[in-house]
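Residue numbers (the numbering used here): 23 to 162.
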């Protein structure tokens, strides 16, 4: 269930995660509408660029992260760091896919796609451009 019967059904689609040879290809294995399958109900996919690009290489889809916004130039915000989202599932990373960027993007820096609550999406997207988004790997 949830897999494709014919190889042609996946032609032109990109894997969201690495698969071993012979593994079934499921909707959740592909970038696209199936990417949010299994994410909390109502989730939206949001791309963020962590302040430390090396962090993206440590992450794989399915792990949970807290997203923290630091102040400009890496300094503390006057009121301290801001927790933008907690326990947010990772949907995709360039490192896990073996790619240099999100499919169809010319960007080459680290990118992580998260399954966020709709009310967090705008803050996460806006903060990502600041260069001060930190991802904290959590145990759930």
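C-beta: ideal position from N, C-alpha, C; glycine also.
Source: prediction; values computed, not measured.
If you draw a 10 Å sphere on the C-beta of residue 25, you find fewer than 16 other C-beta atoms in it, and that means exposed.
Residue 117 carries a helical assignment under DSSP once its states are collapsed to helix, strand and coil. Counting the other CB atoms within 10 Å of its CB gives residue 31 a total below 16, which places it among the exposed residues. Counting only runs of 3 or more residues that sit fully inside the stretch 32-109, the beta strand (DSSP E) segments are 66-70, 86-91, in chain order. Rounded to the nearest angstrom, the gap between the Cα atoms of residue 114 and residue 136 is 7 Å. If you draw a straight line from the Cα of residue 66 to the Cα of residue 109, it is about 14 Å long.
DSSP places residue 146 inside the alpha helix (DSSP H), whose first and last residues are 140-150. With a 10 Å radius around the Cβ and a threshold of 16 neighbouring Cβ atoms, residue 154 comes out buried. Contact check for residue 60 and residue 50: beta-carbon distance about 6 Å, within the 8 Å limit, so the pair qualifies. Here the alpha carbons of residue 107 and residue 90 stand approximately 7 Å from one another. Cβ-Cβ distances below 8 Å link residue 143 to 66, 68 in the same chain, with the five nearest sequence neighbours on each side left out; the list follows chain order. The distance from the Cβ of residue 71 to that of residue 132 is about 6 Å, consistent with a contact at the 8 Å cut-off.
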